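Here the structure comes first, spelled out in structure tokens, and everything after it is commentary.
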Amino acid sequence: MLRRRLSALATSPSWVRPGSHDYLKDIIESRVYDVALQTPLQHAPSLSKALPGNCSLYLKREDMQPTFSFNVRGAHNKIANLTPLQKKNGIVAIAAGNHLQGVAYSAAKLGVDAVIVAPLGTLQNKREQSD
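Residue numbers are given in our numbering: position 125 of the sequence shown equals residue 1443, and the series is strictly consecutive.
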């Protein structure tokens, strides 16, 4: 559904600027739609009141993604776009925290062997959730 709406926007004259990069095309063609969820915006009334002026602050709930972070999007898109030979050879990544989880989750989902090197200071729960 989101991809359809973006496709309609991409053909709208208001999005077309001569010489500009076609970001909407990149978004539509990205390989994240099979893992990343369309998460809601949630009104944050307490934060809205704490800000100056008459502000309504909304939070994008990326904590509702499978890895509890937006990082799965970039990791999955990169791994999904590897050549078949690159996927067969597997990947090595140096990552910590949420990116570590995004790489591990995406590699497992795509059937790509992954070795992830985590710095010594990486939180234990992040390492355990990535096994």
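Just so you know, even glycine gets a beta-carbon here, dropped at the ideal spot from N, CA and C. All figures in this text were calculated on a predicted structure; none of them were measured in a lab.
Nearest residue (CA-CA) to Gln1419, options Val1433, Pro1370, Asp1340: When each option's Cα is compared against that of Gln1419, the closest is Val1433.
Terminal residues of the alpha helix (DSSP H) in which Val1390 lies: Under the DSSP assignment, Val1390 falls in the alpha helix (DSSP H) whose first and last residues are 1389–1398.
Boundaries (first-last residue) of the alpha helix (DSSP H) holding Ala1425: Ala1425 -> alpha helix (DSSP H) spans 1415–1428.
Exposed unless 16 or more other CB atoms sit within 10 angstroms - verdict on Gln1383: buried
Sequence-distant residues of the same chain with beta carbon closer than 6 angstroms to Asn1416, five excluded per side: Ser1387, Asn1389
Backbone CA spacing between Ala1362 and Asp1340 [nearest angstrom]: 32 angstroms
Alpha carbon of Arg1379 to alpha carbon of Pro1358, nearest angstrom: 6 angstroms
Between the CA atoms of Lys1367 and Ile1345 - distance to the nearest angstrom: 33 angstroms
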